[in-house]
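Novice:
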Amino acid sequence: MRGVFEFLGKSTDHDIRFECIDADARAIEYAKDLCEPYLDRIEFHERNALRFKTDKQYKLVWSAGLFDYLDDKTFQFLLSHLLDMLDEEGELVVGNFTTPNPSRAYMEVVGDWYLRHRTADELVDLSKACGIPAEDIRVGREPEEINLFLRIKI
762 MRGVFEFLGK STDHDIRFEC IDADARAIEY AKDLCEPYLD RIEFHERNAL RFKTDKQYKL
822 VWSAGLFDYL DDKTFQFLLS HLLDMLDEEG ELVVGNFTTP NPSRAYMEVV GDWYLRHRTA
882 DELVDLSKAC GIPAEDIRVG REPEEINLFL RIKI
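Quick note on our numbering: the sequence shown kicks off at 762 and runs consecutively.
#1: Give the single residue among Lys889, Pro894, Gly892, Asp882 whose Cα lies nearest to the Cα of Arg902.
#2: What residue range does the beta strand (DSSP E) around His806 cover?
#3: In whole angstroms, give me the CA-to-CA distance for Phe858 and Thr773.
#4: Just to confirm, is the Cβ distance from Arg763 to Arg802 under 7 Å?
#5: For Lys814 and Pro861, what's the separation of their Cα atoms in angstroms?
#6: Near Phe766, what residues of its chain come up, given a Cβ to Cβ distance below 6 Å and the 5 sequence neighbours on each side ignored?
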């Protein structure tokens, strides 16, 4: 949510709207408190992303902090589910931790935090298995090179 908050703080386009989905009511309350100045531009849904249904079509669907918890089969199911929500020029962006992750041992031993780390090739292969053409798939990384961003432009 911090990314949405920071974006709205800098954006001069007041027509941009966000819909945020989280199964955790506390996470939604935190997000509402954080984004309080912009609540007229954000709609929250307390739902499981795997079961979220809508008739809306979106220009952008962004998912961070979810796919790294999913096995490959569920990853593919959700990827296909979210792709169905894009409009004809839409883009899907999925964040996923990658290897090497210098904090992984600390995360697992101290934090009891286990994620499914994936390589860029694995993200591409999972996307292709959903029928997405290779030319529509890109994988980028953030500056620290710990998180990958799968980008699918239809």
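C-beta: ideal position from N, C-alpha, C; glycine also.
Nothing here was measured: the structure is a model prediction, and the numbers come from that model.
Specialist: Taking the definition as stated:
#1: Translated into the one-based positions of the sequence shown, residue 902 becomes position 141. Among Lys889, Pro894, Gly892, Asp882, the Cα nearest to that of Arg902 is on Asp882.
#2: Here residue 806 refers to the residue found at position 45 of the sequence shown. Taken as a continuous stretch (DSSP letters only), the beta strand (DSSP E) holding His806 covers 803-807.
#3: As a first step, residue 858 is located in the sequence shown; it is residue number 97 there, counting from the start. As a first step, residue 773 is located in the sequence shown; it is residue number 12 there, counting from the start. Straight-line Cα distance between these residues: approximately 31 Å.
#4: Here residue 763 corresponds to residue number 2 of the sequence shown, with the count starting at 1. Here residue 802 corresponds to residue number 41 of the sequence shown, with the count starting at 1. For Arg763 and Arg802, no; Cβs fall outside 7 Å.
#5: In the sequence shown, the residue the question calls residue 814 occupies position 53. In the sequence shown, the residue the question calls residue 861 occupies position 100. The straight-line gap from Cα to Cα measures roughly 35 Å.
#6: As a first step, residue 766 is located in the sequence shown; it is residue number 5 there, counting from the start. Answer for Phe766: Leu795, Cys796, listed in chain order.
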